[in-house]
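Residue numbers (our numbering): 1 to 129. Written below as structure tokens is the structure these notes are about.
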Amino acid sequence: MALTDDRTDSTGADRPARKGWLAAGGVLGAFLASACCIGPLVLLTLGISGAWIGNLTALEPYKPIFAVIALGFIAAGFWHLYFRKQTVCEPGSYCARPASARITKSALWASLILVLAALTIDWWAPLLY
């Protein structure tokens, strides 16, 4: 006698949304982690200056906290995107389009590069002066 499992995976429907939220959390954490260091450098490179830019260095003590949070979101996003079993999407839904995966991958890779740049700025920033 064979037993069939009619249970459905309740987490399968929200996996694409979860990937998007993890990518958004990684991007937000990356911006927060780099706000003290890379933000002023980019603004000065673009020609934007002012005394208020010096206030961004007040976020320096929080950089490790933001970096750990961002790397956690990014790692979870990469795990959901590359290592978790893919679910079947409904035809015509957002997750069935290849652009949705490209956007999520691009956001995760960009945020990873931004966090790594913020963490290693003390090594490469003197080369720009």
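Just so you know, even glycine gets a beta-carbon here, dropped at the ideal spot from N, CA and C.
Query: Test item: CB-CB of L128 and F73 under 8 angstroms; Result: no
Query: Distance between beta carbons of A35 and L56, contact taken as under 8 angstroms; Result: 6 angstroms
Query: Any non-hydrogen atom of the ligand NAD closer than 7 angstroms to L46 Cβ; Result: The model depicted lacks the ligand NAD and carries no ligand whatsoever.
Query: Straight-line Cα distance separating G25 from K105; Result: 13 angstroms
Query: For R84, three-class secondary structure by DSSP; Result: coil
Query: Reduced DSSP category for T120 - H, G, I as helix; E, B as strand; rest coil; Result: coil
Query: Cβ-based burial, I65 [other Cβ within 10 Å; buried from 16]; Result: exposed
Query: Short Cβ contact (8 angstroms threshold) for A118 with I48; Result: no
Query: First through last residue of the alpha helix (DSSP H) which encompasses L44; Result: I38 to T45
Query: Cutoff 6 angstroms; reference S111; Cβ partners in own chain excluding five residues on either side; Result: G26, V27, A30 and I74
Query: Limits of the unbroken alpha helix (DSSP H) element including L71; Result: K63 to F78
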